[in-house]
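S.K.: Residues in the sequence shown are numbered from 5 upward in steps of one, following the numbering used here.
The structure follows.
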Amino acid sequence: MVFMKQCSSSRAAGWRPGLAIATLALSVWLGLTDAAAQAGACQGLGKQAVLERVNALREAGALCGNLGHFVPAAPLEWNADLEAAALTQARWLAQAGRLMHLGPQGETLSQRATAAGYRFRRVTENLALGQRDVPKVLSDWTRSDTHCANLYDSRVTEMGLVCVRATDGRPVWVLVMGRPL
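See below:
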């Protein structure tokens with residue numbers, strides 16, 4: 005079974021992390037610093053290939069179900085701070101074994117993005133659980149009205165995507181997109 009959730013926020017939060025951000029800075033694409041990811045936890049593509057795939061989707065525009073037609077959107081750029089925010093949430097969700105937009109201490113997406121060093125006008129998040137690879141998770145997100153709307157949101161300009169394995173072995177995907185201040 006495949007699960008997904010989405011979230012968005014237009015408000016920058018002033019929350020400051022109590023934990024060392026340095027750990028987040030060490031993260032690399034797909035959280036490859038984790039032993040589980042090194043063992044092939046999530047099949048995927050490199051950052052550039054994922055970025056190209058997402059941008060190809062955005063370039064085409066889409067009909068996002070009841071949310072209507074989204075015209076082609078400008079390409080996104082990769083952002084290490086958004087990747088770090090995604091990794092923080094993915095690790096938490098992998099441990100929890102379920103999807104939710106709040107962190108372990110009740111942190112919101114806005115708070116997690118700020119804690120990762122991202123200063124923003126807008127930030128959005130798509131979550132998924134169980135998809136085996138990047139093409140499958142993107143396909144599932146385009147078939148969900150709200151996830152699709154996040155993918156084609158012309159107000160975001162940057163992204164970070166990670167995948168880690170949950171304790172039961174299922175891949176946990178977190179995509180964070182934003183627009184900096």
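Cβ atoms here follow ideal geometry from the backbone N, Cα and C, with glycine treated the same way.
Roughly how many whole angstroms lie between the Cα atoms of T112 and H105?
M.R.: Each residue's alpha carbon lies about 7 Å from the other.
S.K.: For V198, which three-state DSSP category applies?
M.R.: Residue 198 lies beyond the stretch modelled for the chain, which goes from 5 to 185, so this question has no answer here.
S.K.: Could you tell me the alpha carbon to alpha carbon distance between G164 and A120, rounded to whole angstroms?
M.R.: Their backbone Cα atoms lie some 12 Å apart in a straight line.
S.K.: Report all residues from its chain with a CB closer than 6 Å to the CB of A29; omit the five preceding and five following residues, and keep chain order.
M.R.: Low per-residue confidence applies at A29: pLDDT is 27, beneath 50, and the placement is therefore not dependable enough to give any value.
S.K.: Using the three-state DSSP reduction, which class does V160 fall into: helix, strand or coil?
M.R.: In this structure, V160 counts as coil in the three-state DSSP scheme.
S.K.: Can you round the beta-carbon distance between V127 and G182 to whole angstroms, since I take them to be within the 8 Å contact cut?
M.R.: Between G182 and V127 the Cβ distance is about 4 Å, and since that is below 8 Å, they are a contact.
S.K.: Are the CB atoms of D149 and G69 within a distance shorter than 7 Å?
M.R.: Yes, Cβ-Cβ distance for G69 and D149 is below 7 Å.
S.K.: Exposed or buried, what is W33 when buried is set at 16 or more other beta-carbons lying within 10 Å of its beta-carbon?
M.R.: Low local confidence applies: a pLDDT of 29 at W33 is under 50, so the model's placement there is unreliable, with the coordinate-based value given in what follows. Under this definition W33 is a buried residue.
S.K.: Measuring alpha carbon to alpha carbon, tell me which residue in A66, K51, E63, V180 is nearest F124.
M.R.: Of the candidates A66, K51, E63, V180, the one whose C-alpha sits nearest the C-alpha of F124 is V180.
S.K.: For V176 and C152, what's the separation of their Cα atoms in angstroms?
M.R.: Distance between the alpha carbons of V176 and C152: 18 Å.
S.K.: So T171 and Q109 are supposed to be a Cβ contact under 8 Å. How far apart are they, rounded?
M.R.: That pair is no contact at about 20 Å.
S.K.: Quick check on E111: does DSSP put it in helix, strand or coil?
M.R.: Coil.
S.K.: Looking at the structure shown, is R136 part of a helix, part of a strand, or coil, going by DSSP?
M.R.: If DSSP states are grouped into helix, strand and coil, R136 belongs with coil.
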